[in-house]
Amino acid sequence: MMISCKEATRLVSQGLDRRLGQGERLALRMHLALCAGCANVERQMAFLRKAIAQLVDRADRS
Amino acid sequence: MISSNGWVAAATIPGRDSGVGRASRPALTGRALRASDRIGLMDDFRSRVERERPYLLRYASLQLRDSHAAEDAVQETLLAALTSETSFGGRSNLRTWLTGILKHKIVDHVRRAGREDPLAADDDCSEFDALFDARGHWRDAPAQWADPDAALEQQRFFAALEECLARLPAKTARTFMMREHLGCETGDICKELSITPTHCWVLLYRARMALRECLQANWFGK
Chain A
2 MMISCKEATR LVSQGLDRRL GQGERLALRM HLALCAGCAN VERQMAFLRK
52 AIAQLVDRAD RS
Chain B
25 MISSNGWVAA ATIPGRDSGV GRASRPALTG RALRASDRIG LMDDFRSRVE
75 RERPYLLRYA SLQLRDSHAA EDAVQETLLA ALTSETSFGG RSNLRTWLTG
125 ILKHKIVDHV RRAGREDPLA ADDDCSEFDA LFDARGHWRD APAQWADPDA
175 ALEQQRFFAA LEECLARLPA KTARTFMMRE HLGCETGDIC KELSITPTHC
225 WVLLYRARMA LRECLQANWF GK
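Chains as they are written, first to last, in the numbering used here: chain A, 2 to 63; chain B, 25 to 246.
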């Protein structure tokens with residue numbers, strides 16, 4: 002069964018905070034393989050994590 | 025050899041002059057040196073710790089929006105650091121060690137603030153309903169960001185990111201920054217904020233969705 006984009010983005014976010022179940026991972030992988038919009042969101046949420054981690058150092062140098 | 029022997033001989037002459045002098049003077053000198061060394065090292069440690077204050081304040085301010093609370097957390101950290109220098113022992117990076125202490129102080133402040141202003145048990149995500157149609161699919165699918173890593177090289181990008189963070193509702197921002205800035209595990213965030221894991225995930229989802237939309241509008245979409 003195909004999950005919706007709303008559900009997929011929710012799982013992408015939760016995947017950054019907890020270990021997803023096997024069924025969730027499979028459903029998400031399938032969705033992301035077919036949905037460019039959600040695949041972009043996955044990359045963007047990972048990028049957000051990276052950017053926040055650098056925030057204090059970047060502001061420190063200014 | 026000759027100069028070395030000569031120096032040693034000269035140094036021991038006062039000791040030979042009187043028995044008292046020989047017994048007491050070297051001991052006093054040794055103590056005095058050790059004490060001044062200790063004061064020197066303490067001053068050095070204190071000034072090194074003090075030099076980290078702007079960084080620590082910056083670090084605390086990202087989590088605690090109240091500048092007084094941030095100042096308090098940093099002050100508590102510096103006091104704790106100066107009274108427990110021995111536990112530092114130079115074994116790690118000073119900034120890393122201080123930041124570790126500061127994290128605990130910040131979480132204490134978050135916990136206290138949370139008690140005065142508890143997070144509402146609001147699991148509603150309807151604010152994103154406009155993004156999706158009735159079947160939960162994108163109305164406008166998010167576009168790819170061109171070379172996001174290049175943005176990390178630009179000071180202006182971080183200013184834009186901070187503006188986006190400032191627009192988040194206070195409770196959403198508090199949860200998100202505990203997770204991403206302090207690096208707390210979700211379980212610890214739930215405990216400190218007295219919320220359920222489900223609510224925590226909703227808040228984190230909300231923060232990430234809002235931030236990506238904000239950065240799309242104010243940086244990557246421009």
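By construction, the Cβ of each residue, glycine as well, lies at the ideal position given by its N, Cα and C atoms.
I'd like to know if residue i contacts chain B, where contact means its C-beta is closer than 8 Å to some C-beta of that chain.
i                       : result
glycine 16 of chain A   : no
alanine 34 of chain A   : no
leucine 49 of chain A   : yes
glutamate 8 of chain A  : yes
arginine 59 of chain A  : yes
arginine 20 of chain A  : no
arginine 11 of chain A  : yes
alanine 28 of chain A   : no
methionine 1 of chain A : Given that chain A is displayed from residue 2 to residue 63, the structure contains no residue 1 of chain A and the question cannot be resolved.
Give a yes or no on whether 8 Å exceeds the smallest Cβ distance from residue i to chain A.
i                           : result
alanine 165 of chain B      : yes
glycine 160 of chain B      : yes
glycine 54 of chain B       : The predicted model places glycine 54 of chain B with a pLDDT of 48, which falls under 50 and marks its position as unreliable; any figure quoted below should be read in that light. Judged by the 8 Å Cβ criterion, glycine 54 of chain B is not in contact with chain A.
glutamate 204 of chain B    : yes
leucine 176 of chain B      : yes
proline 193 of chain B      : no
threonine 110 of chain B    : no
tryptophan 121 of chain B   : no
arginine 232 of chain B     : yes
arginine 89 of chain B      : no
threonine 210 of chain B    : yes
arginine 82 of chain B      : yes
arginine 77 of chain B      : no
tyrosine 229 of chain B     : yes
phenylalanine 69 of chain B : no
glutamine 99 of chain B     : no
State buried or exposed for residue i, treating a residue as buried only when at least 16 other CB atoms are found within 10 Å of its CB.
i                        : result
histidine 128 of chain B : exposed
threonine 220 of chain B : exposed
methionine 46 of chain A : buried
threonine 110 of chain B : exposed
threonine 196 of chain B : buried
leucine 80 of chain B    : buried
glutamine 23 of chain A  : exposed
Over the uninterrupted alpha helix (DSSP H) stretch that includes residue i, give me the two end residues.
i                            : result
alanine 234 of chain B       : 221-239
proline 78 of chain B        : 77-87
phenylalanine 200 of chain B : 194-204
isoleucine 130 of chain B    : 118-140
lysine 7 of chain A          : 6-15
aspartate 171 of chain B     : Looking at the DSSP string, aspartate 171 of chain B is not in any alpha helix (DSSP H), and its letter there is neither H nor E.
arginine 180 of chain B      : 179-191
methionine 31 of chain A     : 23-35
serine 218 of chain B        : Run containing serine 218 of chain B: none; DSSP gives neither H nor E here.
aspartate 96 of chain B      : 91-107
Is it the case that the Cβ atoms of residue i and residue j are separated by a distance below 8 Å?
i                         : j                        : result
arginine 232 of chain B   : serine 5 of chain A      : no
tyrosine 83 of chain B    : threonine 123 of chain B : yes
threonine 199 of chain B  : aspartate 18 of chain A  : no
histidine 133 of chain B  : alanine 104 of chain B   : no
leucine 192 of chain B    : alanine 234 of chain B   : yes
isoleucine 130 of chain B : leucine 206 of chain B   : yes
leucine 176 of chain B    : glutamine 55 of chain A  : yes
leucine 102 of chain B    : arginine 77 of chain B   : yes
leucine 29 of chain A     : leucine 21 of chain A    : yes
Looking only at DSSP bridge pairs, what is residue i linked to?
i                            : result
phenylalanine 156 of chain B : B/Trp162
So is the beta-carbon of residue i under 7 Å away from any non-hydrogen atom of the ligand MG?
i                      : result
leucine 118 of chain B : Absent from the structure shown: the ligand MG. Ligands present: none.
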